[in-house]
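Taken in order, these protein sequences are the chains called A, B and C. The letter at position 156 of the first sequence is residue 153 when you use our numbering, and the numbering goes up by one with no holes. The letter at position 190 of the second sequence is residue 200 when you use our numbering, and the numbering goes up by one with no holes. The letter at position 37 of the third sequence is residue 327 when you use our numbering, and the numbering goes up by one with no holes. This report concerns only the one structure given below.
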Amino acid sequence: MSEGQEVTAEEQQPLVVQKVQEQYPDAILDVSDARGELTITVRKEGIYELMAFLKSDSELAYNFLADVTAVDYSLMEDVLMKHDYARFTVVYHLLSTERKERLRVKVPVHEKELSIPSMASIWKVANWLERETYDMFGITFDAHPDLRRILMPDDYEGYPLRKDYPLRGRGERETFNFEEQNV
Amino acid sequence: MQKDPNRVPGEPMTLNFGPQHPATHGTLRIVVELDGETVVKATPHLGYLHTGFEKLGEHHDYNQYIVVTDRMNYLSPLSNNFGYVLAVEKLLDIQVPERCEYVRVILAELSRIADHMVWLGMGALDLGAFTVMLYGFEEREKLYSIFEKTTGARLTTSYTRVGGLLRDIYDGFEEDVRMFLSTFPKTLKEVHTLLTRNRIWMDRTKDVGVVSAEDAIDYGFTGPCLRASGVDWDLRKAEPYSYYEKFDFDVPVGANGDVYDRYLVRMEEMIQSGRIIQQALDNLPDGPVNVDDYKISLPTKEDAYGNIEGLIHHFKIIMDGHGVQPPAGEVYCATESPNGELGFYIVSDGSGKAYRIRIRPPSFIHFQALPHMIEGGMVADIVAVLGSLNIIAGELDR
Amino acid sequence: MGLESQLGDNIFTTTIDKFVNWGRKNSLWPMPFGTACCAIEMMATLASKFDLSRFGAEAIRFSPRQSDLLIVSGRISIKMMPVLKKIYDQMPDPKWVISMGACASTGGVFDTYTLVQGVDGFIPVDIYLPGCPPRPEDLIDAVIQIQHIVEQESVSPKRQSGAIAS
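In structure tokens, the structure reads:
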């Protein structure tokens, strides 16, 4: 994103940006096209409707959600500044199998209100991907059908992929209760 | 089911399947609720092999991380090596020499065959066909010996490097691979004789674990599982990378999306991989395998020992925090691994270590659809469906 | 050899320990606790090229109650460790444990928040098998080492104590 060039002229804009701007004029914060990968950064408000639109619009037809994840930008000052000091960014990778085009949608999320609407009702695949993001970053997904920890044990504390979480953990390897697990 | 007059009324039974179970291929666990022999509800539990690969990526430099990608997918480690370095090279915006791409393609396709051979063997073993497993491993051992001669290890290959390969292929590689190509179709033929028209095999696999094309896309299926559902989607064709557009091969597509179709698709894929390898061997270009840039790939031994510049470059690449340093930015690079779309999403802050590495694991996504596929079916079908998805626990839990 | 000469050519005498150990060591029934890469090499060991049955240990039992050799092959996470422990507890005595590969023995290259750094903190290990993953020949060698350990044991409870000092 940082090295992406700002697209200025209206006609140069990719189709998806044009259509989104038409439909949701305030949604897009930033557009970049680096290394042949189109990225749009959008506001959290109205993200569910925007994603539903990206899938259902017959011209765009982003029918395939390849991946959902998040990035903790707390150590990257320049990105933080751009995102109004939102610590986390939820990243969606979309793909249109018809047009063979990919799109990355980034949504900055503030630590104060660490939640974002769930996309599980638009793409079924989002269910577990969002659970994993919750497990690793602690971002909650509103209206998620089954938001539980997925990889870590249920009684685990802490969110391992946050930048302030040490690689070797906080001693869970020693203090974890090996006896009373329901196995 | 409710209308069945023979049904004995009673409480549903909960069966815990795994995490240590002979048919789970690793550390999968499914809690199933049974009504008689019918699966009413299935809840997968995972994370029993969670190793923290993504966290580890933030603490390793770009070349060190290759070692970790092996251990993520132990059925086809070379495909993972390949997918990962491709992502880093996209981040660096470099193009590796043609010979390197060809060698990578050959090895990736060989590991596709190796992966499908184990899948075939274990899938058949789960359904009671022990012979097929021995056949599959026989072929795999031949591949192992090729891998070992090329990379130095049977399983944990770590063969690719950012900007090239560990070393060029050995003399006689071509003959060995051609030898393998001439023999493995015979094994496949034998397996076809054993299974394809086998009454028991067909009964156990046909119309079991059906996924429609629509559902397959909704559930994020990729690779053979998606193609078995009748969607013609292969990244090697749709978004060609590494000269895949130069090779002439077909993408087998199923019709019903059941276990039997997944089996047929994988069987045919092996043959097609053989075709790709044949063409790649015929046109294998000469030349170096590493990029001519000592800031990315290691200098030759002559340079490292013979002049001060080479020595400094060697030192810089090896030293912690001085190695390959891509510009700040992010990249998502997807390759067609034997199981489907394997994506690496790398965020770089311009230093020698990735800021964030995210792996899009096909196994994780396929496993999610398991309840959809087995609910309403028989308890014995769980094993058939699970086998057909080829879940690799290392990739599932990462 | 007074007794044996009177019994004729077809009868041997030996000690009960030797006889039992001879039987045990040549018919080890492994319980494969395979989680990751090492499990693939374990499968290769069982398959036709390396053929572990030449050493009498091919009767893989997936039920811990029917087996006497636990092969821990692969990484063990903190979520998995209770399962492994329970499986070890379920195995009847006498039992032996091979910790196959670097991860099971020490955590290997994965010094991360979730991985147990060596199963020997939780269950006794008889043979540590290095390698990442070990080759099938290594695993066969480990089984032979286990056979040597089995030879040292005794059926008498008195002599049994202290026999497994690992």
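For every residue, glycine included, the Cβ atom is placed at its ideal position computed from N, Cα and C.
Which residues in chain B sit within 9 Å of Y403(C), going by Cβ to Cβ distance? Within 9 Å Cβ-Cβ: G62, K65.
Among S93(A), S29(A), L51(A), I25(A), which has the Cα closest to the Cα of E42(A)? It is I25(A).
Could you give the uninterrupted runs of the alpha helix (DSSP H) lying entirely in the region 342 to 395 of chain C, keeping only those of 4 residues or more? Fully enclosed alpha helix (DSSP H) runs of 4 or longer: 371 to 380.
Cut-off 7 Å between Cβ atoms - residues of its own chain near A6(A), not counting five sequence neighbours on either side: Confidence is the limiting factor: at A6(A) the pLDDT is only 48, short of 50, which leaves the residue's position unreliable, though a coordinate-based value still follows. So the list is empty, once near-sequence residues are dropped.
Give me the Cβ distance between R285(B) and F259(B), rounded to the nearest whole Å; I'm assuming they're in contact under 8 Å. Correct: roughly 5 Å between the Cβ atoms.
Can you find at least 3 beta carbon pairs, one from the region 388 to 402 of chain B and one from the region 357 to 367 of chain B, that sit closer than 8 Å? Counting Cβ pairs under 8 Å, fewer than three are found: no touch.
Taking Cβ-Cβ distances shorter than 8 Å, what residues in chain B pair up with E127(A)? Result: empty, since nearest Cβ-Cβ is about 11 Å, beyond 8 Å.
Does the contact criterion of 3 or more C-beta pairs under 8 Å hold for the region 281 to 297 of chain B versus the region 105 to 124 of chain B? Yes, the region 281 to 297 of chain B touches the region 105 to 124 of chain B.
Reduced DSSP secondary structure (H/G/I, E/B, other) of L51(A): DSSP, reduced to helix, strand and coil, places L51(A) within a helical segment of the structure shown.
For the region 173 to 247 of chain B, which segments carrying the alpha helix (DSSP H) assignment without a break, of at least 4 residues, lie completely within its bounds, in sequence order? Runs of the alpha helix (DSSP H) inside the region 173 to 247 of chain B: 183 to 201, 209 to 215, 223 to 228, 233 to 238.
Which residues mark the beginning and the end of the beta strand (DSSP E) in which L62(A) is found? From DSSP, the beta strand (DSSP E) with L62(A) extends over 61 to 69.
Extract the residue ranges of the beta strand (DSSP E) inside the region 239 to 322 of chain B, only unbroken runs of 3 or more that lie entirely within it. Listed in chain order, the beta strand (DSSP E) runs fully inside the region 239 to 322 of chain B amount to none, counting runs of at least 3 residues.
Beta-carbon proximity list for K256(B), same chain, < 7 Å, skipping 5 on both sides: Within the same chain, K256(B) has no close Cβ partners at all.
For Q407(C), would you say it is in contact with chain A, using Cβ-to-Cβ distances shorter than 9 Å as the test? Output row for Q407(C): interface = yes.
Answer yes or no: do V88(A) and V122(A) have a C-beta to C-beta separation smaller than 9 Å? No, the Cβ-Cβ distance between V88(A) and V122(A) is not below 9 Å.
Closer than 9 Å at the beta carbon, the chain A residues around P320(C): Correct list: empty, because the minimum Cβ distance to chain A is about 21 Å.
So, V104(A) versus V17(A), is the Cβ gap smaller than 9 Å? No, the pair does not count as a contact, with Cβ atoms beyond the cut-off.
Closer than 9 Å, Cβ to any Cβ of chain B: which residues of the region 323 to 345 of chain C, in chain order? If the cut-off is 9 Å between Cβ atoms, the region 323 to 345 of chain C has F323, G324, T325, A326, C327, C328, A329, I330, E331, M333, A334, L336, A337, S338, K339, F340 near chain B.
Nearest-angstrom Cα distance between G452(C) and Q380(C)? Bear in mind that the predicted position of G452(C) carries a pLDDT of just 48, short of 50, making it unreliable; the figure below should be weighed with that in mind. If you draw a straight line from the Cα of G452(C) to the Cα of Q380(C), it comes to about 22 Å.
Check the DSSP bridge columns for D27(A) and list the partner residues they point to. T38(A).
Interface residues of chain C facing R165(A) [CB-CB closer than 9 Å]: The answer, in chain order, is D401, T402, Y403.
What is the DSSP secondary structure of P426(C), counted as helix, strand or coil? Under the three-state reduction of DSSP output, P426(C) falls in the helix class.
Under the assumption that I330(C) contacts L85(B) (Cβ atoms under 8 Å), give the Cβ distance between them as a whole number of angstroms. With a Cβ gap of about 7 Å, I330(C) and L85(B) count as contacting.
To which residues of the same chain is A455(C) closer than 7 Å at the C-beta, ignoring the five residues directly before and after it? In this predicted model, A455(C) has a pLDDT of only 43, less than 50, meaning its place in the structure is not dependable; the value taken from the coordinates is given anyway. In the same chain as A455(C), and ignoring 5 residues on each side of it, no C-beta atom comes closer than 7 Å to its own.
For P22(B), collect the residues of the same chain with a Cβ closer than 7 Å to its Cβ; drop the 5 residues on either side in sequence, then sort them by chain order. Leaving aside the five residues that flank P22(B) on each side, the residues in its chain whose CB is nearer than 7 Å to its CB run, in chain order, E43, L44, D45, V50.
Determine the closest residue to V415(C) out of T404(C), Y378(C), P382(C), with distance taken between C-alpha atoms. When C-alpha distances from V415(C) are compared across T404(C), Y378(C), P382(C), the shortest belongs to Y378(C).
What separation, rounded to the nearest whole angstrom, lies between the Cα atoms of R101(A) and M48(A)? Each residue's alpha carbon lies about 11 Å from the other.
So the beta strand (DSSP E) G46(B) belongs to, where does it begin and stop? No beta strand (DSSP E) contains G46(B), which DSSP labels as neither H nor E.
Got a sec: is the Cβ-Cβ distance from V373(C) to anything in chain B below 9 Å? Residue contact with chain B for V373(C): present (Cβ-Cβ distance below 9 Å to some residue of chain B).
Using beta carbons (cut-off 9 Å, strictly below), is H69(B) in contact with chain A? Chain A, which has a Cβ nearer than 9 Å to the Cβ of H69(B), makes this yes.
Can you tell me whether P150(A) is buried or exposed? The criterion is at least 16 other CB atoms within 10 Å of its CB, across all chains shown. P150(A) is classed as buried because its beta carbon has at least 16 other beta carbons within 10 Å across all chains shown.
Alpha-carbon to alpha-carbon, V269(B) and S239(B): Cα to Cα, S239(B) sits roughly 10 Å from V269(B).
Whole-number beta carbon distance between T232(B) and Q372(B), since they are thought to touch under 8 Å: Gln is not the amino acid found at residue 372(B); the sequence shown has Pro there. The pair is a contact, with the Cβ atoms about 6 Å apart (cut-off 8 Å).
Out of A223(B), L135(B), A163(B), Y169(B), point me to the one whose CA is closest to T94(A)'s CA. Restricting attention to A223(B), L135(B), A163(B), Y169(B), the CA atom closest to the CA of T94(A) is found in A223(B).
Which listed residue (H324(B), I322(B), E351(B), L165(B)) has its alpha carbon closest to that of A248(B): Out of H324(B), I322(B), E351(B), L165(B), E351(B) has the C-alpha closest to the C-alpha of A248(B).
Assigned secondary structure, G458(C) (DSSP; H/G/I helix, E/B strand, else coil): Any property of residue 458(C) remains undetermined from this structure, which presents chain C solely from 291 to 456.
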